[in-house]
Amino acid sequence: MSQSPQAWAAQRPENALTLPSRYFYDPTLFEAERERIFMGAWHFGCHVNELDRPGAFVVRDIFDQSVILMRDRDGELHAFHNVCQHRGNRLLNETRGVQKGVIRCAYHSWCYGADGRLKAAPRSDRIEAFDVDDYRIPPVRLQVFAGGVYFNLDPDAADMHELFPGAEAAIRDAIPDLDELRLIQEDDVVVPANWKVIMDNSIEGYHFQLSGPHHVDLASLIDFSGYKLRHHDNWWTYGAPPNREATEAYGAPIGRPVEDGDGFFNIGLWPHNTFYQFPFSQCMGTFMIIPLDAERSILRFGYYSAHDRDALPEVTQASIRWMNEDLGPEDIELNVTTQKGLRSLGYDQGRYMIDAERSNESEHLVLNFHRLVHRALHGEDGAEA
Ligand code: FES
Ligand SMILES: [Fe+2]
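This is the structure we're talking about:
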């Protein structure tokens, strides 16, 4: 029998037991997460430079919702639901592009501006008291934060600067050319695992030197003794300075003196947005975990660089390939086998391996992340149903 929510919430980190396994597969708990976490979460949509001209758009889906992010002719950014106000047809079916002129619904040609306002509807002049102003597509909350365009389905969501104080400075400090980044590539992988299984795997260094060979390779590119995992309320960072002895990375020669900014940097923004920079790579990676259901998630690997796609430094190119073909799959395999194990009748709660020093191999970020989940579901002390 697992602990009650109150007993779980009251644990000391040093001897705490993990979230009971049902939190990773129970559809009812997932439904509660959907409502209490994701429907009010800030979702990374794209880098602001992806919307660099009038009509440029990115479409993002979360569960059964689809949102259009678009720049208008005056340079303003807008987010609105991806749905025609006539009979509900979905408007845009591509992920990104540039809309020349109006957005025209493919069904009966209702036409919308880049701000979601209805501009024209065929035959509407023959319809009693038809006013285009009555059929604006409902807007969605949008915020530009640290070079990213985010949206939130909750119109009353708190401002990101309030939710993540200090996070923008941390990102800018680690990635000074943040504003110059352009999308290099984006790859979606459907992983048969709960979204938390994937996040848990990404926020601990315990498995770095103990799991597969590509993890050991990554550990060799950093000064692992300087690996630090820091928790700040709704966001967290983990990373390490570069290994100054390294001469090659990801199978490519580094070919230049090692600089301070060559370290490994990761930052997570509650609940599911992660940005990182690999050692010696001049590229920001995004690692977005987009839940589909209790046991499936989309893992979206985005790569952004200030260098042109065809002029990427060799190590940077190699780092992208290595993430997609080596490290990523090595972690995904662990996520898949963990998801299977969590279903076992022979497992319910394990032990967080949290040491007093909160060292480089300690699992304190996993506990902190689970506490945020638990708080969203059961309240601060676990007393809510
Ligand atoms: S559903 Fe879009 S115009 Fe009819
Ligand atoms: Fe890993």
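One point on numbering: in our numbering, the residue at position 378 of the sequence shown is 378, and numbering is uninterrupted.
Even glycine gets a Cβ: it sits at the ideal position worked out from N, Cα and C.
Give the DSSP-derived three-state secondary structure of residue i in the structure shown.
i, result
"GLN143", "strand"
"ASP188", "strand"
"TRP322", "helix"
"ASN360", "coil"
"SER297", "strand"
"ALA41", "coil"
"HIS47", "strand"
"TYR250", "coil"
"GLN277", "strand"
"ASN89", "coil"
"LEU17", "strand"
Taking residue i and residue j to be in contact with their CB atoms under 8 Å, please state how far apart those CB atoms are, rounded to whole angstroms.
i, j, result
"ARG296", "VAL190", "6 Å"
"TYR227", "ALA246", "Contact flag wrong, Cβ pair sits at about 15 Å."
"ASP348", "SER21", "5 Å"
"GLY40", "ASN152", "7 Å"
"ALA391", "ASP381", "A question about residue 391 goes unanswered here, because the residues of the chain that appear run from 1 up to 385."
"PHE130", "GLN339", "About 52 Å separates the two Cβ atoms, so there is no contact after all."
"GLY328", "TYR303", "Actually they do not touch by this definition, with Cβ atoms about 12 Å apart."
"ALA174", "PHE265", "4 Å"
"LEU229", "HIS43", "Not quite, the Cβ-Cβ distance comes to about 24 Å (not below 8 Å), so this is no contact."
"VAL98", "ARG53", "6 Å"
Can residue i and residue j be called in contact, C-beta distance under 8 Å?
i, j, result
"HIS272", "LEU19", "no"
"ASN49", "PHE164", "no"
"ALA114", "GLY55", "yes"
"LEU377", "ALA167", "no"
"ALA249", "SER319", "yes"
"ASN82", "ILE62", "no"
"ILE267", "PHE278", "no"
"ASP179", "GLY147", "yes"
"TYR206", "MET1", "no"
"ILE289", "MET199", "yes"
"GLN143", "LEU118", "no"
"ILE203", "VAL336", "no"
"LEU51", "ARG71", "yes"
"PHE57", "GLY116", "no"
"SER211", "LEU334", "yes"
Could you work out which residue in the options is closest to residue i when comparing CA atoms only?
i, options, result
"ILE222", "VAL336, TYR238, TYR150, ASN243", "ASN243"
"ARG90", "LYS100, GLU14, GLY97, ARG104", "ARG104"
"ALA170", "GLU128, TYR303, HIS86, HIS231", "HIS231"
"TRP195", "ILE37, GLN11, GLN6", "ILE37"
"GLN185", "ARG141, ARG321, ALA79", "ARG321"
"ARG60", "GLU94, ARG71, LEU29", "GLU94"
"LEU269", "PRO176, VAL144, TRP236, PRO291", "TRP236"
"ASP187", "ASP355, GLU314, GLU325, LEU342", "GLU325"
"GLN282", "ASP293, ARG53, LEU292, ASP308", "ASP308"
"PHE208", "GLU14, GLU35, GLU361", "GLU361"
Do we get a CB-CB distance below 8 Å when we pair residue i with the residues of chain C?
i, result
"PRO313", "Going by chain labels, chain C is absent from the structure shown, which holds only one protein chain."
Whose beta carbon lies closer than 5 Å to any heavy atom of ligand 1, going through the chain in order? Ordered along the chain, the selected set is CYS84, HIS86, ARG87, ASN89, CYS105, TYR107, HIS108, TRP110.
I need the residues with a C-beta less than 6 Å from some heavy atom of ligand 2; please give them in chain order. Environment of ligand 2, chain-ordered: ASN201, HIS207, HIS215, ASP331, taking every residue with Cβ within less than 6 Å of a heavy atom.
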